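K.L.:
Just dropping this structure here.
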Amino acid sequence: MRHLPPPVRDALAAGWAARGLDQDGAAAVELAGSPGSRRWRVTVGDTAYAVELGPPDSAGGLATALAAAAAGVPGVAAPVPTVDGTAHVAVAGRALSVVPWLDGVPAPEARLGRAHWVALGETLGRLHALPVDGLPPVPQPDPAALAARLEAVRRRVVATRTGGAALGALRDGLREHRRALDRATRVLLTPRADRPLVACHGDLHLRHVLLADDRPVLLGWWRAGAAARERDLERLTGDGLGVHVGSEEEAWLTRGYGRVLAPDPDELAWQRTLRLVEAVVGPAEVALAGAPDLGARLAAAGDATAALAALG
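What follows is the structure, given as C-alpha cells:
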C-alpha cells in the first residue's frame, strides 16, 4: 500500500490478507471519516474499495449487513467477507471492514421520486423480515444513564460563563427548550413494554443513502442489529430522515415495505427521544470538555443547539 504511514499500511494489509484480495499495486487515499473512525478509498487496478477502521462496537453492525446481503436483501452496502466468513478483521481492538466502492449520487443531493421511496421501503421490509437469531442488539445507551448525562450537561452549561457565542447559544437553547427536555427525561425513565425484535439498520438517515444506478443503497451499518422496528421507522416520520416524509412518500414506502407501517406510537416516541437526546448530550459534552481544538468545540455546540430545536 503506497503513500501510507506504516501502522495504517499494516492495518490495511491485514484486512486485505484476511479476505484473500490481491495487494499488488494497491494504492490508498484517506477520506473524511466519522468520529472515532478512519476511512480510505483503496484501488487495485480498476477495482476500488471503501475501507474503514471503525470502533469496536461496529463489528455487530457489519455482521448484520453481511447477513442481510447474504439473505438477498436489496440495497445493502455489505462488507467483503474474510476467508473465514466474517465481516471484519480486528486491528488493535478496532473493526476493519472492506466494502466494494459504489459510485452514485448521495441522497441529500438528489430528488427522491416514487421509485426511490418504493425501493427504500422494499429494502426495509425485507430487512425487518429477517430472522434475528444470532444478531447482536443495536448498540444504544442506557436510558437512565443518558438522562443523568443530560441533567449534568444542563447544570454545567448554565454554570459555565465562558465559551463565547456558541456556548451562549446552547445555554439559550437549553432554557428555551427546558419543558421539552423535562418531557424527554420523563420519556427516557418510563418503563417500556417488551417489543418484538427485528433486524434493523439502526441509524437510518438520508446521509446513509446513496443512489447507485438510480436505486437507493443503504450505507453506514455500524449500529445495525436487533431492535424494535420503530428504531428504523421513527426516522420515516416527519423530518427524521433528513427530508420531509409526507403522506405521499409514506404511501410509496408502504408499497415497498409490503405491509402497513403502523408503528407503535409509544415506542416511536421513545426511539425519537433517545436519538435526539443523544444528539444533544454527546456534542454538548464535547463543547464543555475544554479541548484545545476551538473549531471542534464550536461545531459541537452548534450541533447540540440544532438537536435541541428538533427536540421541540
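For the sequence shown, this note's numbering gives the first residue as 183, with consecutive numbering after it. All residues carry an ideal CB built from backbone N, CA and C; glycine is no exception. As the structure is a prediction and not an experimental result, all values here were calculated from the model.
Spatial neighbours of tryptophan 198 within its chain, please: C-beta separation below 6 Å, excluding the five flanking residues on both sides.
P.N.:
For the purposes of this step, residue 198 is taken as the residue at position 16 of the sequence shown. Taken in chain order, the residues that qualify are Gln205.
K.L.:
What's the C-alpha gap between valine 271 and proline 237?
P.N.:
As a position in the sequence shown, residue 271 is number 89, starting the count at 1. As a position in the sequence shown, residue 237 is number 55, starting the count at 1. Spanning the two alpha carbons is a distance of roughly 12 Å.
K.L.:
The beta strand (DSSP E) with alanine 433 in it runs from where to where?
P.N.:
For the purposes of this step, residue 433 is identified with residue 251 of the sequence shown, where counting begins at 1. Alanine 433 -> not in any beta strand (DSSP E); alpha helix (DSSP H) instead, spanning 429 to 439.
K.L.:
Among Trp452, Leu302, Leu415, Arg397, which has the Cα closest to the Cα of arginine 368?
P.N.:
Taking the sequence shown and counting its residues from 1, the one referred to as residue 368 is at position 186. For the residues Trp452, Leu302, Leu415, Arg397, the minimum Cα distance to arginine 368 belongs to Trp452.
K.L.:
Are the segment 247 to 267 and the segment 324 to 338 touching by the rule of at least three beta carbon pairs closer than 8 Å?
P.N.:
Output reads no: the segment 324 to 338 does not touch the segment 247 to 267.
K.L.:
Have a look at aspartate 266 and alanine 492 and give me their C-alpha separation to the nearest angstrom.
P.N.:
Taking the sequence shown and counting its residues from 1, one reaches residue 266 at position 84. Taking the sequence shown and counting its residues from 1, one reaches residue 492 at position 310. Each residue's alpha carbon lies about 44 Å from the other.
K.L.:
Measuring only the C-alpha atoms, how far is valine 391 from tryptophan 283?
P.N.:
By 1-based counting over the sequence shown, the position of residue 391 is 209. By 1-based counting over the sequence shown, the position of residue 283 is 101. So the two alpha carbons sit approximately 14 Å from each other.
K.L.:
Nearest-angstrom Cα distance between arginine 457 and alanine 196?
P.N.:
Position 275 of the sequence shown holds residue 457. Position 14 of the sequence shown holds residue 196. Straight across, the Cα-Cα distance linking arginine 457 with alanine 196 is about 35 Å.
K.L.:
Does the pairing of the segment 205 to 225 with the segment 370 to 387 give three or more beta-carbon distances under 8 Å?
P.N.:
no
K.L.:
Would you kindly check if the distance between the Cβ of histidine 310 and the Cβ of arginine 437 is under 7 Å?
P.N.:
Indexing the sequence shown from 1 puts residue 437 at position 255. Indexing the sequence shown from 1 puts residue 310 at position 128. Going by C-beta atoms, arginine 437 is not nearer than 7 Å to histidine 310.
K.L.:
Would a C-beta distance cut-off of 7 Å place valine 320 and arginine 413 closer than the cut-off?
P.N.:
Counting from one through the sequence shown, the residue named residue 320 turns up at place 138. Counting from one through the sequence shown, the residue named residue 413 turns up at place 231. Cβ atoms of valine 320 and arginine 413: closer than 7 Å.
K.L.:
Along the chain, where does the beta strand (DSSP E) containing leucine 235 start, and where does it finish?
P.N.:
On the sequence shown, position 53 is the one that residue 235 refers to. Run containing leucine 235: 229 to 236, per the beta strand (DSSP E) assignment.
K.L.:
Hey, is alanine 311's beta-carbon within less than 7 Å of any beta-carbon in chain C?
P.N.:
Checking the listed chains, one finds no chain C in this structure; it contains a single protein chain.
K.L.:
DSSP three-state label for threonine 455, please.
P.N.:
For the purposes of this step, residue 455 is identified with residue 273 of the sequence shown, where counting begins at 1. Note: threonine 455 maps to helix in three-state DSSP.
K.L.:
Select from Glu460, Arg276, Ala292 the residue whose C-alpha is nearest the C-alpha of leucine 393.
P.N.:
Within the sequence shown, numbered from 1, the residue matching residue 393 stands at position 211. Distance from the Cα of leucine 393 is smallest, within the candidate group Glu460, Arg276, Ala292, for Ala292.
K.L.:
Once the 5 residues before and after glutamate 358 are set aside, which same chain residues still bring their CB inside 8 Å of it?
P.N.:
Walking along the sequence shown from the start, residue 358 turns up at place 176. Take glutamate 358, set aside five residues on each side of it, and the residues of its chain with a beta-carbon closer than 8 Å to its own are Leu490, in chain order.
K.L.:
For arginine 405, is the classification buried or exposed, using 16 other Cβ atoms within 10 angstroms of its Cβ as the cut-off for buried?
P.N.:
One-based indexing of the sequence shown puts residue 405 at position 223. Buried, because 16 or more other Cβ atoms sit within 10 Å of the Cβ of arginine 405.
K.L.:
Just curious, the alpha helix (DSSP H) that glutamate 291 is in, first and last residue?
P.N.:
For the purposes of this step, residue 291 is taken as the residue at position 109 of the sequence shown. Where glutamate 291 is concerned, there is no enclosing alpha helix (DSSP H), given that its DSSP letter is neither H nor E.
K.L.:
Helix, strand or coil for tryptophan 283, going by three-state DSSP, please let me know.
P.N.:
Sequence index remark: in the sequence shown, residue 283 carries index 101 (1-based). It is coil, neither helix nor strand.
K.L.:
Tell me the residue span of the beta strand (DSSP E) that contains leucine 392.
P.N.:
On the sequence shown, residue 392 is found 210 positions in, with the first residue counted as 1. Start and end: 391 to 394.
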